[in-house]
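Asker:
In the UniProt record's numbering, the protein residues as written are 1 to 152.
Structure (structure tokens):
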């Protein structure tokens, strides 16, 4: 099974703590989407989502994992409750390959969400460990700073 992580699950240690079979395949980019922080349907939860923007690029990591681990990931993301939903996407790896994969997004966002330090810490850790492009890491810091300043 495949999965593209662009938020806190870019942190390989965090990913493997709940999905031990997860193996990073490629650092990759998703064109046409911007990362944002929003509240989920139940508003008690929130996190990263993707907002369509033709000029934007979101970087992350493309993983392979067992079917059992992907099912567990779906459960922890609240897919059945529609906190997050799966979106099929094609990402472009730094290795030059295109990967057909899936990622999560918040389908019924309820406005801005102020992320916690424990949520953004793994995002920073993953972005650094994956050596994402410097301009994207700077953009990511701006997005996070804006979410911390304006989130609910």
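Glycine is no exception: its CB is placed at the ideal position from the N, C-alpha and C atoms.
Predicted model only: the values in this text are computed from it and were never measured.
Going straight from the alpha carbon of residue 54 to that of residue 92, what length do you get?
Answerer: Walking along the chain shown from the start, residue 54 turns up at place 54. Walking along the chain shown from the start, residue 92 turns up at place 92. Cα to Cα, residue 54 sits roughly 15 angstroms from residue 92.
Asker: Tell me which residues share the same chain as residue 137 and place their Cβ nearer than 7 angstroms to its Cβ, disregarding the 5 neighbours each side in the sequence.
Answerer: Position 137 of the chain shown, counting from 1, holds the residue named residue 137. Excluding residues within five positions, the ones whose Cβ falls inside 7 angstroms are 127.
Asker: Which one of 5, 133, 149 has the shortest CA to CA distance from residue 94?
Answerer: Stepping through the chain shown from its first residue, residue 94 is reached at position 94. Per the Cα distances, 133.
Asker: Below 7 angstroms, is the gap between the Cβ of residue 52 and the nearest heavy atom of the ligand PLP?
Answerer: No copy of the ligand PLP occurs in the structure displayed, which carries no ligand at all.
Asker: Straight-line CA distance for residue 12 to residue 125?
Answerer: Locating residue 12 in the chain shown gives position 12, where the first residue counts as 1. Locating residue 125 in the chain shown gives position 125, where the first residue counts as 1. Near 9 angstroms, if we compare the C-alpha coordinates of residue 125 and residue 12.
Asker: Could you give the DSSP three-state label for residue 77: helix, strand or coil?
Answerer: Counting from 1 along the chain shown, the entry for residue 77 is found at position 77. The answer is coil: DSSP assigns residue 77 none of H, G, I, E or B.
Asker: Excluding sequence positions up to five away, which residues of its chain have a Cβ less than 6 angstroms from the Cβ of residue 104?
Answerer: Numbered from its first residue, the chain shown carries residue 104 at position 104. Excluding sequence neighbours, residue 104 sits near 77, 84.
Asker: For residue 1 and residue 47, I'd like the C-alpha separation in whole angstroms.
Answerer: Numbered from its first residue, the chain shown carries residue 1 at position 1. Numbered from its first residue, the chain shown carries residue 47 at position 47. For residue 1 and residue 47, the distance between alpha carbons rounds to 23 angstroms.
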